[in-house]
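Undergrad: This is the structure I want to talk about, given as structure tokens.
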Amino acid sequence: YDTDGSGMWLVMSNGAKTGDATYTGALYRTTGSPFSATWNQSQFSFTTVGTATFTFNDVNNGTFAYTVNEVTQSKPIVRETFTSPVPTCVSGSTPSATNYQDLWWHAPANSESGWGINVTHQGEILFATWFTYDANGKGLWLVMPDGVKTGPASYSGGLYRTTGPAFNAIPWDQSQRVATQVGTAAFSFTDASNGTFTYSVNGSAQSKAITREVFVPGVVTVCN
190 YDTDGSGMWL
200 VMSNGAKTGD
210 ATYTGALYRT
220 TGSPFSATWN
230 QSQFSFTTVG
240 TATFTFNDVN
250 NGTFAYTVNE
260 VTQSKPIVRE
270 TFTSPVPTCV
280 SGSTPSATNY
290 QDLWWHAPAN
300 SESGWGINVT
310 HQGEILFATW
320 FTYDANGKGL
330 WLVMPDGVKT
340 GPASYSGGLY
350 RTTGPAFNAI
360 PWDQSQRVAT
370 QVGTAAFSFT
380 DASNGTFTYS
390 VNGSAQSKAI
400 TREVFVPGVV
410 TVCN
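Letter by letter, the sequence shown follows residues 190 to 413 of my numbering.
Next comes the structure, spelled out in structure tokens:
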């Protein structure tokens, strides 16, 4: 969260391997077209605000260290588990038609570069975080924490906008975190790598074709 408690999202688009289980890259903050409008690529811009480093102790634990606007901190991190079974992910396999865990963006690829959806798929539940933009072009963070299976390759759930303590707050005050439902979202997948994202947020309803984001061709991480 930003210093005023509103949602803030940052992106490390090129975290390069710098050591054993260590990855480092620049952090960017972006602006872009409002989620409710036709995407205008010319409105997308990004500003470097710092750096981030991820160091992993094992497959489930690590450390996230960052500098953002001259604030330097580090936090222990752990994989999020919300139901079972938890998928096993391997590099260099073929995309799965039964597990949709990945980073997704608008299809065709790169046609709306600047927004996307992180999907974590465990059991028959999707946990999705949608990074997009509000009416002023400022980064907007929405979450679908419980996307339940509603049919073959189809999932839906409530969309929430959250507020909370600033990213640099110490200690973290859980009582300041507030989630407000602002709409609903649905995912319907046509195959292992393509689908449709349908949503209604504050009275604005749209539907977008999505595809898995591949940023290193030939080295795809697949979860099953």
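Think of the CB as a built atom: it goes at the ideal place given N, C-alpha and C, for glycine as much as any other residue.
Keep in mind that this is a model prediction, so the values were computed, not measured.
Determine, using beta carbons only, whether Ala210 and His295 come nearer to each other than 8 angstroms.
TA: Going by C-beta atoms, Ala210 is not nearer than 8 angstroms to His295.
Undergrad: Tell me whether the beta-carbon of Thr277 lies closer than 8 angstroms to the beta-carbon of Asn413.
TA: For Thr277 and Asn413, yes; Cβs fall inside 8 angstroms.
Undergrad: Buried or exposed, going by whether 16 or more other CB atoms sit within 10 Å of the CB of Thr309?
TA: It counts as buried.
Undergrad: In the DSSP assignment, find the beta strand (DSSP E) that holds Trp319 and state where it starts and stops.
TA: Here the beta strand (DSSP E) through Trp319 covers 314-322.
Undergrad: State the DSSP-derived secondary structure class of Gln311, mapped to helix, strand or coil.
TA: Strand, per DSSP.
Undergrad: Leaving out the 5 sequence neighbours to the left and right, which residues in its chain are closer than 6 angstroms to Val332 when beta-carbon positions are compared?
TA: Closer than 6 angstroms at the Cβ level, and outside the excluded window around Val332, lie Thr318, Tyr349.
Undergrad: Helix, strand or coil, according to DSSP, for Ser389 in the structure here?
TA: In the structure shown, Ser389 sits in a strand (DSSP, three-state: E or B).
Undergrad: Between Gln365 and the rest of its own chain, which residues show a CB-CB distance below 6 angstroms, the 5 nearest in sequence each way excluded?
TA: Excluding sequence neighbours, Gln365 sits near Gly353, Pro354.
Undergrad: Excluding sequence positions up to five away, which residues of its chain have a Cβ less than 7 angstroms from the Cβ of Thr227?
TA: Cβ neighbours of Thr227 beyond the five flanking positions: none.
Undergrad: Should Gly221 go down as buried or exposed, given a rule of 16 or more other Cβ atoms within 10 Å for buried?
TA: Gly221 should be labelled buried.
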